[in-house]
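*Asks:* Input: one structure, supplied below.
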Amino acid sequence: MMTHLSAEGRVLPGQSGGRIKVWDPLVRIFHWSLVGLFTFSFFTGDEWKSAHIWSGYAIGALLAIRIVWGLVGTHHARFASFIYSPATILVFLKDSLTFRAKRYVGHNPAGGAMVILLLLMISGIVTTGYMMTTDAYWGIEWVEETHETLVYATLGLIALHVAGVVLASLEHRENLARAMVTGWKRAE
């Protein structure tokens, strides 16, 4: 069945069925590149400093690109399409725990909040990592401790993110990880 879509990639009124392209190539490449680079950085931190530093620069570049894309990119990539009020996020989380949450084609309220939290945390990691390479902050204990604390807090957020993806995938009978690979989701 053919689905008719608006310019933003939404199913047009009166149309049903089919699939919809939700995640554009830039979002998908950003996501999986960040997964790979964060993992690489985590395991090279103390053992392979030069590679760790270059990986941090690459993560910083990815973040800059994603922030710009969050302002001017495709509909579902834009921050405006997935930033919700705290009250909406809490209601969505409560509904999710009882398997009664509304399905969203793009980021749901909890997923949108997680994107923002992860972007902020990883920006903090990149910033403190860069600071440690400068003469002004070389060997300064609070910078190193903040960097490490942000890394481990981010690991906790990643665990919550993966749990949320699994929960939403089960609740809505949809493989969200595959959607982040292919870009396609069920239209309804």
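All the letters of the sequence shown, read from the start, carry residue numbers 2 to 189 under the working numbering.
Note that CB positions come from ideal geometry on N, CA and C, so glycine has one too.
#1: Pair every Cβ in the stretch 138–148 with every Cβ in the stretch 110–120, then say whether three or more of these pairs are closer than 8 Å.
#2: Nearest to V36 by CA position, among R187, A188 and A178, is which residue?
#3: When DSSP builds the beta bridges, which residues end up paired with I1?
#4: If you follow the alpha helix (DSSP H) that V127 is in, where does it begin and where does it stop?
#5: Buried or exposed: where does P26 fall if 16 or more other Cβ atoms within 10 Å of its Cβ makes it buried?
#6: Locate the alpha helix (DSSP H) running through W139, then write down its first and last residues.
#7: Taking the alpha-carbon positions, what's the A78 to W70 distance?
#8: Near T89, what residues of its chain come up, given a Cβ to Cβ distance below 7 Å and the 5 sequence neighbours on each side ignored?
#9: State the Cα-Cα distance for the pair F44 and L171, rounded to the nearest angstrom.
#10: Give the single residue among T150, W139 and Y105 whose Cα lies nearest to the Cα of G125.
#11: Rounded to whole angstroms, what's the CA-CA distance from L98 to H162? Just pull it up for me.
#12: Could you name each continuous alpha helix (DSSP H) segment of 4 residues or more that falls completely within the stretch 41–98, going from the start of the chain to the end?
#13: Ignore the nearest five residues each way along the sequence and tell me which others in T129's own chain have a CB closer than 7 Å to its CB.
#14: Sort W24, G112, A81 and G107 by Cα distance to I159 and report the nearest one.
#15: Once DSSP output is grouped into helix, strand and coil, what is the label at N176?
#16: DSSP three-state call for V106: helix, strand or coil?
#17: Is it buried or exposed, Y1, if we count other Cβ atoms within 10 angstroms and call 16 or more buried?
*Replies:* In brief:
#1: no
#2: A178
#3: What is shown of the chain runs 2 to 189, which leaves residue 1 out entirely.
#4: Run containing V127: P110 to M132, per the alpha helix (DSSP H) assignment.
#5: exposed
#6: No alpha helix (DSSP H) holds W139; DSSP gives it neither H nor E.
#7: 7 Å
#8: P110
#9: 31 Å
#10: T150
#11: 15 Å
#12: 50–73 and 87–98
#13: V144, T147, H148 and L151
#14: Looking at the Cα atoms, G112 is the closest of the given residues.
#15: coil
#16: Per DSSP, reduced to three states, the secondary structure at V106 is coil, with no helix or strand assignment.
#17: Here the chain has residues from 2 to 189 only, and residue 1 is not among them.
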